[in-house]
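In what follows, a single structure is set out as structure tokens and then discussed.
In full-length UniProt numbering, the protein residues as written are 1 to 207.
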């Protein structure tokens, strides 16, 4: 996938970056880390400009987020879950992915939209609970743009700074993603344990 992504960016420049980031927001398995860091590297070996790369990447992330928000708003949780159950293997999504994004959204409120733009995988999925709850569009746009701009600026800047060593960031982010997923899994297990314990205690009290 890395070769395919970098090939599109090398051939189509700004348009390629915009389209790839937009699609990445719709299909989370496409890694933004590769797109952004390689985009930063390209500014050192081509006519691409760092500021313009950041702008088109942010526009792409906002457009993709809006599309996913609209889809979630239209279908709702129940119908979206059915779609994921049916086509999850193609989209590389699981029902638990939607539930994880929803629980994060419910816990942190609308600010989760901003925070999650900097967390791998969830950064794309957070648009789903925002759409399902019909979060105010103006607030969604502001938080999405701010979070996306910060994420894009950091990774593109690092790609430009490291130059030909840009791929080191991707390797680091892969490790970071693994840590994030492990933490989320741990929190889910702890939460489930507390839930089961509470239900068990309630049953004993009723008896």
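Glycine included, every Cβ here is placed at the ideal spot set by N, Cα and C. Quick caveat: nothing in here was measured; it's all calculated off a predicted structure.
If you draw a straight line from the Cα of residue 24 to the Cα of residue 124, it comes to about 7 Å.
With fewer than 16 other beta carbons inside 10 angstroms of its own, residue 106 counts as exposed.
Cβ contact annotation for residue 118 (same chain, cutoff 7 Å, sequence separation greater than five): 147, 150 and 151, in chain order. From the listed residues 78, 133 and 113, the smallest Cα separation to residue 144 is found for 113.
Going by C-alpha positions, residue 3 is about 10 Å away from residue 34. For residue 129, the secondary structure class from DSSP, reduced to helix, strand or coil, is helix. By the neighbour-count criterion, in which 16 or more other beta carbons inside 10 Å mark a residue as buried, residue 12 falls on the exposed side.
In terms of Cα proximity to residue 157, the closest of 82, 44 and 138 is 44.
Take residue 56, set aside five residues on each side of it, and the residues of its chain with a beta-carbon closer than 6 Å to its own are 14, 17 and 18, in chain order. Looking at the backbone, the Cα of residue 61 and that of residue 159 are separated by about 18 Å. Note that the C-beta distance between residue 20 and residue 8 is below 8 Å. Minimum Cα-Cα distance from residue 58 among the listed residues 162, 161 and 155 corresponds to 155. Residue 38 and residue 6 have their C-alpha atoms spaced approximately 7 Å apart.
Relative to residue 48, the option among 10, 82, 69 and 32 whose CA is nearest is 10. Shown here for residue 116: same chain residues with a beta carbon closer than 6 Å to its own, the five before and five after excluded, namely 122, 123 and 126 in chain order. When C-alpha distances from residue 136 are compared across 111, 120 and 153, the shortest belongs to 111.
Residue 51 counts as exposed, since fewer than 16 other beta carbons sit within 10 angstroms of its beta carbon. With a beta-carbon spacing of about 5 Å, residue 63 and residue 22 fall inside the 8 Å limit used to define contacts.
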